[in-house]
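Residue numbers (the UniProt record's numbering): 1 to 399. The structure under discussion appears below in the form of structure tokens.
In structure tokens form, the structure reads like this:
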């Protein structure tokens with residue numbers, strides 16, 4: 001188990017190190033290619049929209065073949081190859097097409113990694129806390145990338161961003177191969193049945209996925225345009241990297257210390273609602289204040305706005321999904337927020353030039369809608385015993 005934990009932790013670290021370069025700094029590379037904000041918004045939205053198709057398709061194929069680790073390796077290698085091609089792409093259309101090609105493989109990576117981790121932790125009663133302590137290495141990798149890339153860009157040209165992405169993609173592929181060498185537990189064809197003897201509720205599953213998608217998609221403005229906005233305010237590369245790292249530091253703290261609160265279905269639902277409420281407050285604050293210190297404090301809410309939403313939705317979906325559809329359910333979750341974020345990112349690109357920081361008011365409304373969807377989930381789960389956790393094998397005992 002310890003060997004598997006180490007390999008999974010390294011995979012998460014490598015995977016999110018790449019994302020830690022991509023999310024904050026790839027828009028700067030696009031800007032350096034003489035693209036305007038609308039073109040940048042389209043390019044940033046395109047891979048998210050691509051995931052709406054790629055994630056469920058890859059998840060279904062992985063579940064059907066039971067070769068989830070193989071799918072993980074193929075996707076990670078394809079991302080590395082595509083990133084190498086991106087270094088030579090010039091102009092809006094070549095960059096857009098290359099980014100879409102990369103997204104076909106990159107989109108399912110996190111969901112496939114989550115599925116492998118869940119399968120390996122299926123026999124542990126404290127699985128959610130163990131998952132959180134593995135997943136926090138992804139957050140640590142993301143924060144390290146924010147700081148490293150931010151400081152390097154104070155000395156190196158923006159063109160080096162793609163080279164950084166390529167190196168990190170190669171490391172991710174190697175980490176995926178190491179995880180694939182592990183023996184992955186097989187799924188058992190059983191039905192997830194709650195304590196009342198009834199199958200898991202599809203309505204609760206749908207509300208959970210929809211609400212989580214809204215809250216995660218509300219991060220579109222900060223993911224796509226915060227770095228450019230902070231740069232326009234005169235913040236240095238180190239300061240911008242520090243702001244991103246501050247958010248991820250709170251995420252690491254959440255995964256390592258607070259994740260136990262989601263051990264029951266009700267606890268997971270309450271954390272989802274808390275994350276949605278925190279996101280609404282965070283975006284309202286971003287729209288109202290441009291002070292560096294205040295933005296730093298708002299970034300510290302990331303542990304709730306992203307961390308609580310991610311951890312709780314992954315586990316609540318696992319509790320509500322049949323074991324034979326675990327990978328599909330996780331990819332549905334990822335595809336839903338990716339599709340919504342694609343639309344919001346494109347919209348933010350269109351509105352950013354005239355709205356500026358007021359774009360966060362729209363994000364606050366989106367996360368508030370997610371909060372409203374979580375309320376019936378919380379109320380329903382409080383009336384019933386916790387559902388057993390489906391991790392691709394026998395159901396775990398209620399907690």
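For each residue, glycine too, the CB sits at the ideal point set by N, CA and C.
Contact set for residue 317: own chain, Cβ-Cβ below 7 Å, skip 5 residues either direction: Working through the chain shown from its first residue, we reach residue 317 at position 317. Closer than 7 Å at Cβ, skipping near neighbours: 205, 208, 209, 329, 330 and 333.
Span separating the alpha-carbon of residue 13 from that of residue 140: Taking the chain shown and counting its residues from 1, one reaches residue 13 at position 13. Taking the chain shown and counting its residues from 1, one reaches residue 140 at position 140. Their Cα atoms are separated by approximately 7 Å.
Length of the line joining the Cα atoms of residue 62 and residue 268: Counting from 1 along the chain shown, the entry for residue 62 is found at position 62. Counting from 1 along the chain shown, the entry for residue 268 is found at position 268. Cα-Cα distance, rounded: 27 Å.
Helix, strand or coil at residue 139 according to DSSP, with G and I counted as helix: The residue you call residue 139 lines up with position 139 of the chain shown. Residue state, collapsed to three classes: helix.
Separation of residue 106 from residue 79, as counted between CA atoms: Position 79 of the chain shown holds residue 79. Position 106 of the chain shown holds residue 106. Answer to the nearest angstrom: the Cα atoms are 6 Å apart.
Where the alpha helix (DSSP H) through residue 120 begins and ends: Taking the chain shown and counting its residues from 1, the one referred to as residue 120 is at position 120. 109 to 120 is the extent of the alpha helix (DSSP H) around residue 120.
Start-to-end residues for the alpha helix (DSSP H) that takes in residue 67: Taking the first residue of the chain shown as 1, we reach residue 67 at position 67. That residue, residue 67, is in no alpha helix (DSSP H); it is neither H nor E in DSSP.
Run of the alpha helix (DSSP H) containing residue 376, from where it starts to where it stops: As a first step, residue 376 is located in the chain shown; it is residue number 376 there, counting from the start. Residue 376 -> alpha helix (DSSP H) spans 359 to 382.
Selection from 77, 94 and 52 that minimises the alpha carbon distance to residue 30: Here residue 30 corresponds to residue number 30 of the chain shown, with the count starting at 1. Comparing Cα positions, the closest option is 94.
Which of helix, strand or coil DSSP assigns to residue 34: Walking along the chain shown from the start, residue 34 turns up at place 34. In the structure shown, residue 34 sits in coil (DSSP, three-state: anything other than H, G, I, E or B).
Reduced DSSP category for residue 219 - H, G, I as helix; E, B as strand; rest coil: On the chain shown, residue 219 is found 219 positions in, with the first residue counted as 1. In the structure shown, residue 219 sits in coil (DSSP, three-state: anything other than H, G, I, E or B).
Where residue 169 falls: helix, strand or coil (DSSP): The sequence position of residue 169 within the chain shown is 169, counting from 1. Reduced to three states, the DSSP call for residue 169 is helix.
Residue 235 in three-state terms, based on DSSP: Here residue 235 refers to the residue found at position 235 of the chain shown. Correct three-state label for residue 235: coil.
Reduced DSSP secondary structure (H/G/I, E/B, other) of residue 133: As a first step, residue 133 is located in the chain shown; it is residue number 133 there, counting from the start. Reduced to three states, the DSSP call for residue 133 is helix.
Chain-order list of residues whose beta-carbon lies under 8 Å from that of residue 306 (same chain, five-residue window excluded): As a first step, residue 306 is located in the chain shown; it is residue number 306 there, counting from the start. Result list for residue 306: 216, 219, 247, 251 and 275, in chain order.
Backbone CA spacing between residue 344 and residue 337 [nearest angstrom]: Locating residue 344 in the chain shown gives position 344, where the first residue counts as 1. Locating residue 337 in the chain shown gives position 337, where the first residue counts as 1. Distance between the alpha carbons of residue 344 and residue 337: 10 Å.
CB-CB length for residue 335 against residue 52, believed under 8 Å: In the chain shown, residue 335 corresponds to position 335, counting from 1. In the chain shown, residue 52 corresponds to position 52, counting from 1. Between residue 52 and residue 335 the Cβ distance is about 5 Å, and since that is below 8 Å, they are a contact.
Selected residue, minimal CA-CA separation from residue 240, among 57, 16 and 148: If you number the chain shown from 1, residue 240 lands on position 240. Among 57, 16 and 148, the Cα nearest to that of residue 240 is on 148.
Residue 10 vs residue 175 beta-carbon contact at 8 Å: Looking up residue 10 in the chain shown gives position 10. Looking up residue 175 in the chain shown gives position 175. Cβ atoms of residue 10 and residue 175: closer than 8 Å.
Sufficient close CB pairs (3 or more, under 8 Å) joining the stretch 271 to 290 to the stretch 368 to 380: yes
Given 8 Å, three or more beta-carbon pairs between the stretch 89 to 104 and the stretch 40 to 59: yes
Under 8 Å between C-beta atoms of residue 15 and residue 109: Along the chain shown, one-based indexing puts residue 15 at 15. Along the chain shown, one-based indexing puts residue 109 at 109. It is a contact, given that the beta carbons lie within the stated cut-off.
First and last residue of the uninterrupted alpha helix (DSSP H) at residue 254: Counting from one through the chain shown, the residue named residue 254 turns up at place 254. That residue, residue 254, is in no alpha helix (DSSP H); it is neither H nor E in DSSP.
Enclosing alpha helix (DSSP H) for residue 313 [first to last residue]: In the chain shown, counting from the first residue as 1, residue 313 sits at position 313. Taken as a continuous stretch (DSSP letters only), the alpha helix (DSSP H) holding residue 313 covers 309 to 320.
Residue 309 to residue 163 span [Cα, whole Å]: Position 309 of the chain shown, counted from the first residue, corresponds to residue 309. Position 163 of the chain shown, counted from the first residue, corresponds to residue 163. Whole-angstrom Cα-Cα distance: 32 Å.
Whole-angstrom distance between residue 90 and residue 375, CA atom to CA atom: Indexing the chain shown from 1 puts residue 375 at position 375. Indexing the chain shown from 1 puts residue 90 at position 90. Each residue's alpha carbon lies about 47 Å from the other.
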